[in-house]
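Residue numbers for the sequence shown follow our numbering, beginning at 11 and rising by one.
Where is the CB? At the ideal position from N, CA and C, for every residue including glycine.
This structure is a prediction, so every number in the text was calculated from the model and none was measured.
One structure below.
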Amino acid sequence: MPDTTLRFDTLGPLRARVDAWRRGGDRIVLVPTMGALHAGHLALVTHAKAIGRRAIVSIFVNPTQFGPTEDFSQYPRDTQADLALLSQAGADAAWLPSVETMYPTGFSTRIEPGPAAEGLCGCFRPGHFSGVATVVTKLINQVQPDIALFGEKDFQQLQVIRAVTRDLDLPVTIEGVPTLRETDGLALSSRNRYLDPSERSIAPRLHAVLADIAERLARGAEAGPLVAEGIAALTAAGFGPVQYLEVRDAQTLQPVERAEREARVLVAAYLGKTRLIDNVAVVPA
Ligand code: PAF
11 MPDTTLRFDT
21 LGPLRARVDA
31 WRRGGDRIVL
41 VPTMGALHAG
51 HLALVTHAKA
61 IGRRAIVSIF
71 VNPTQFGPTE
81 DFSQYPRDTQ
91 ADLALLSQAG
101 ADAAWLPSVE
111 TMYPTGFSTR
121 IEPGPAAEGL
131 CGCFRPGHFS
141 GVATVVTKLI
151 NQVQPDIALF
161 GEKDFQQLQV
171 IRAVTRDLDL
181 PVTIEGVPTL
191 RETDGLALSS
201 RNRYLDPSER
211 SIAPRLHAVL
221 ADIAERLARG
231 AEAGPLVAEG
241 IAALTAAGFG
251 PVQYLEVRDA
261 QTLQPVERAE
271 REARVLVAAY
281 LGKTRLIDNV
291 AVVPA
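And the structure:
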């Protein structure tokens, strides 16, 4: 395990190092992040090291995936703490491009993802998945990894990235990694630090409601009534607004009424000023 993670702020030196690793036969794994790293990110690094020789973590708070009223300027940034965590986790390199490196004057290209980006977060965050697809495509082109890892907590994002990679023939394998949770079920997220103590005590209800719906769907129940019950339970617990609570096919992300094959229950809901998302797999019995 390296005791320091190599830091790259410009593309030339990063490419030279990655090329040398690749020529030496190393398999390269990219973990794209926006920093504010937590145990969920570090689990991705651990997984990267388990499946590849070199783990490269990008840290870039991507302005093009935030809407005008979203938390881009407040998004937590602590590069020194992130780099210390990456060294402890054994990451080989950190890629920290500036906004100017990613979007130089004259930059004018955007990727518009297809149906996977429609509905769910796509309804409430216009342009978000276009921003994600564009920056992830750039990161993949910059690092040219064999594999790129993404957490399943952002399940729609994962499916959008899979579709973009397939449609644009990007020579990389996209792998989803299961969500890491606190012991009370709350999915780890950089935004959890926005929760005050009272909100933090309510937050695990989100996962509890999803898990209950997923279990009943797996036993053959119909989605409609379960969803209505789930929204009522979340509202009673103090969430609001619940932007969506839906059951979708795990592959196509199309709405389903019964889980005849693998599905996902997905939610986005505000708790105070914090928007939380989560999802749970439904594996039919
Ligand atoms: O999930 C994230 O942290 C971001 O959306 C990503 C994939 C790093 C793109 O900016």
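For the pair residue 208 and residue 215, the Cα-to-Cα distance works out to about 13 Å. Here residue 70 is buried: its Cβ has 16 or more other Cβ atoms, across all protein chains shown, within 10 Å.
In terms of Cβ geometry, residue 253 and residue 134 form a close pair [threshold 8 Å]. Inclusion of residue 270 and residue 260 in the CB contact set at 8 Å is not warranted, their separation being larger than that value. When the beta-carbon positions are compared, residue 126 and residue 158 stay at least 8 Å from each other.
Scanning its chain for C-beta atoms nearer than 7 Å, with the 5 sequence neighbours on each side dropped, one finds around residue 43 the residues 51, 67, 68 and 69, in chain order. Put simply, the backbone Cα of residue 288 is about 16 Å away from that of residue 282. At a threshold of 7 Å, residue 44 counts as near the ligand PAF, since its beta carbon sits closer than that to one of the ligand's heavy atoms. Here the C-alpha atom of residue 16 lies approximately 19 Å from the C-alpha atom of residue 53. The secondary-structure analysis by DSSP pairs residue 160 across a beta bridge with 186. Residue pairing by DSSP puts residue 288 in a beta bridge opposite 277.
If you look at residue 165, you'll find it in the alpha helix (DSSP H) that goes 165-177.
By the C-beta density criterion, residue 80 is exposed, having fewer than 16 other C-beta atoms within 10 angstroms. Of the candidates 103, 105 and 138, 138 places its Cα closest to the Cα of residue 120. Pairwise C-beta distances place the region 87-102 out of contact with the region 197-204, as fewer than three of them are shorter than 8 Å. Taken from the Cβ of residue 160, at least one heavy atom of the ligand PAF lies inside 7 Å.
Set against 7 Å, the gap from the CB of residue 75 to the closest heavy atom of the ligand PAF is smaller.
For residue 68, DSSP records a beta bridge to 42 and 105. Residue 105 and residue 243 have their alpha carbons spaced roughly 42 Å apart. Not one heavy atom of the ligand PAF is found less than 7 Å from the C-beta of residue 275.
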